[in-house]
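Residue numbers (the numbering used here): 10 to 260. For every residue, glycine included, the Cβ atom is placed at its ideal position computed from N, Cα and C. First the structure, in the form of structure tokens, and then the observations on it.
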Amino acid sequence: EEIRNIPILEPKEKKRAIHDDLKKQNNLYHSLNHRFHDKHYPKGKLIEEYTDFLNKYPKYYRGYFDRAVLYTHVGRYKEAIADNDKLIEHNEWLWMEAVINKAEALCLLKEYGLALKCANRYFELDDKPEAECYRIRSEIYRKLKMYDECDSDIRMIRKMEKEKKKYALGKRKYVLSGIACLIVFTYILRLFTLQLLSEDYKADADNNAFLKRILFPARGAITDRNGKLLVYNQPAYDIMVVMKELAVLFM
């Protein structure tokens with residue numbers, strides 16, 4: 010009877026159902042992750058929400074990673090270790106991060122020997138560990154009173170911070186160079202437009218170089234068919250007097 014009641018889906022319907030279910034899982038997780046990054050949201054309430062989510066979707070391993078971080082923040086180190094162990098066992102994408110997080114939780118639980126073993130395991134597998142990983146291991150070394158190893162990790166942290174600042178300055182140099190090149194290109198483009206394409210400045214230059222005067226020609230003589238002159242030109246003159254110059258002539 011139970012087998013008979015199981016719905017049999019067509020391949021397309023099954024694919025659509027799986028897609029919808031994954032989309033629903035992702036939406037729920039992104040909603041939780043948004044609250045995960047909210048510093049003011051209560052951590053205890055958020056842990057309960059993650060627990061409900063993982064009970065419903067037990068194979069969404071990114072949720073275990075976030076919950077392990079929350080457990081570490083609230084001091085529930087054993088639960089954090091359990092979630093990290095689950096990631097180490099089942100998830101190949103997050104297990105390295107889970108290893109170093111487990112080392113931090115063991116250190117806070119004062120299991121310094123196990124914490125150091127776990128941290129060293131991480132450093133054996135990761136070619137480029139981050140500064141935070143060195144910080145965790147240096148803290149373990151300090152607790153174990155292995156001060157030489159602790160100083161070595163601290164020096165590595167400072168070196169990585171200097172390299173990070175140097176990289177940021179290098180990027181800034183390229184950005185400033187790009188801005189300078191853009192300004193120079195803008196000026197060149199503007200000069201090209203003004204000197205070769207625009208007619209405004211050419212017209213102004215021509216107005217400074219040439220004086221235009223309209224000269225009205227004299228009307229021609231008009232005769233009839235017998236050659237008798239009907240209309241002819243008679244010069245007319247305008248006399249203009251400048252009073253200042255006239256006063257000079259009569260002095």
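Just the C-alpha distance for residue i and residue j, rounded to the nearest angstrom, thanks.
i: Glu10; j: Glu98; result: The predicted position of Glu10 is uncertain, since its pLDDT is 48 and thus under 50; a value taken from the coordinates is nonetheless stated next. Taking the straight line joining both Cα atoms gives about 37 Å.
i: Tyr131; j: Glu172; result: 22 Å
i: Leu125; j: Ile149; result: 6 Å
i: Asn100; j: Ala26; result: 24 Å
i: Glu106; j: Asp47; result: 21 Å
i: Leu103; j: Arg151; result: 27 Å
i: His43; j: Tyr156; result: 39 Å
i: Val240; j: Glu254; result: 39 Å
i: Tyr121; j: Leu185; result: 48 Å
With a Cβ-Cβ cutoff of 7 Å, do residue i and residue j count as a contact?
i: Cys142; j: Ile163; result: no
i: Gly53; j: Phe62; result: no
i: Ala114; j: Ile90; result: yes
i: Ala77; j: Asn64; result: no
i: Ala140; j: Ile166; result: yes
May I ask you to list the residues that DSSP assigns as paired with residue i?
i: Val184; result: DSSP output for Val184 lists no bridge partner at all.
i: Thr232; result: Leu238
Going by alpha carbons, who is nearest to residue i out of the options?
i: Gln243; options: Arg228, Ala89, Asn93; result: Arg228
i: Lys32; options: Ala112, Tyr66, Lys180, Leu198; result: Tyr66
i: Leu96; options: Glu139, Arg85, Phe74; result: Phe74
Using three-state DSSP, classify residue i as helix, strand or coil.
i: Asn100; result: coil
i: Val83; result: helix
i: Ser147; result: helix
i: Ala124; result: helix
i: Ser40; result: helix
i: Asp247; result: coil
Using beta carbons (cut-off 7 Å, strictly below), is residue i in contact with chain C?
i: Arg164; result: Going by chain labels, chain C is absent from the structure shown, which holds only one protein chain.
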